[in-house]
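Visitor:
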Amino acid sequence: MDKVVSTATQAVVGIGNGATIASGGFGICGIPAVLIDAIADAGITGLEIYSNNCGTDGIGLGKLLERKQIRRVVASYVGENKEFARQYLSGELEVELTPQGTLAERLRAAGVGIPAFYTRTGTGTQVATGGLPWRYAQDGSVAVASPPKPVSEFEGRSFLLERALAADFALVRAWKGDRHGNLVFRMAARNFNPVCAMAGRIAVAEVEHLVEPGDLDPDSIHLPGVYIDRVLPLTAAQVADKGIERLTTRPRPSELPGE
């Protein structure tokens with residue numbers, strides 16, 4: 001039952017070239033930064049990433065992008081990463097853009113054994129009819145386009161079929177965790193982490209505070225340990241090393257005009 005590993009290198013053992021990885025986080029909030037760094041250092045390539053977004057330039061999954069370790073991304077937002085846009089538009093990266101709620105449900109469905117589900121989201125658009133550019137050719141033409149999705153009617157309304165999104169591995173970050181893999185997330189840092197963990201056949205959690213079994217209030221656990229296979233305790237320095245995606249400030253009151 002003790003799932004603790006001592007190093008990030010041990011935590012990512014088994015992740016090889018061409019693996020599919022569900023990675024938690026939203027922007028760079030709640031990202032498994034230490035595990036991502038371990039993959040970057042290992043030089044693993046051809047990765048297919050399932051994540052809300054792909055980090056920012058040089059941060060989180062953005063590190064893997066810069067090193068050309070990612071082949072394909074399934075995401076719902078990519079606007080904060082210039083290198084992502086460059087690779088996509090130049091035909092170096094395949095991208096499947098997915099509505100954010102649909103992405104979350106595709107991951108959750110994989111974790112609970114649902115192979116596919118119907119949703120209203122995307123009906124009447126190219127999400128349903130196909131033709132979205134997944135990958136461009138070097139001349140700017142569309143090399144790979146999204147296929148049409150099955151559409152059915154229920155009670156007079158159209159719904160399209162979305163498939164579950166199972167991954168070989170899941171990487172997540174939690175505020176607290178015990179040796180059995182039970183996890184607690186803190187505020188907005190929960191975001192996509194639980195559903196990513198559910199989607200991974202092997203799920204690895206880096207935790208800021210490791211506690212002993214029984215120390216967590218059962219009613220406070222956000223994700224039970226049945227979904228987690230490895231737990232990596234972080235050092236104090238790793239816990240403190242958190243980036244700010246977009247620093248926004250305002251002048252001090254004494255510096256405001258007219259004062």
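Quick note on numbering: the sequence shown equals residues 1 to 259 in full-length UniProt numbering. The beta-carbon is built from N, C-alpha and C at its ideal position, and this holds for glycine as well. Predicted model, so just to flag it, every value in this text is computed and none were measured.
What are the boundary residues of the alpha helix (DSSP H) that P194 is part of?
Guide: N193 to A199
Visitor: Bridge partners for S23 per DSSP, in chain order?
Guide: L171
Visitor: Please state whether DSSP places A137 in a helix, a strand or coil.
Guide: coil
Visitor: Measuring alpha carbon to alpha carbon, tell me which residue in H180, I31 and A167 is nearest D210.
Guide: Before going on, a small fix: residue 210 reads as Leu here, not Asp. The residue with the shortest Cα to Cα distance from L210 is H180.
Visitor: For R201 and R230, what's the separation of their Cα atoms in angstroms?
Guide: 12 angstroms
Visitor: Determine the contact status of P236 and G111, defining contact as a CB-CB distance below 7 angstroms.
Guide: Correcting the residue type first, residue 236 is Ala in the shown sequence and not Pro. At the C-beta level, A236 and G111 stay beyond 7 angstroms of one another.
Visitor: Quick one: Cα of F192 to Cα of L171, how far?
Guide: CA-to-CA, the gap between F192 and L171 works out to about 11 angstroms.
Visitor: Hey, could you find the ends of the alpha helix (DSSP H) R86 is sitting in?
Guide: Where R86 is concerned, the enclosing alpha helix (DSSP H) stretches over K82 to L89.
Visitor: Have a look at C54 and E155 and give me their C-alpha separation to the nearest angstrom.
Guide: 38 angstroms
Visitor: At a threshold of 6 angstroms, does A143 count as lining the ligand SAM (C-beta to nearest heavy atom)?
Guide: Among the ligands in the structure shown, none appear at all, so the ligand SAM cannot be discussed.
Visitor: Skipping 5 residues on each side, what residues in its chain have a beta carbon closer than 8 angstroms to that of D215?
Guide: D178
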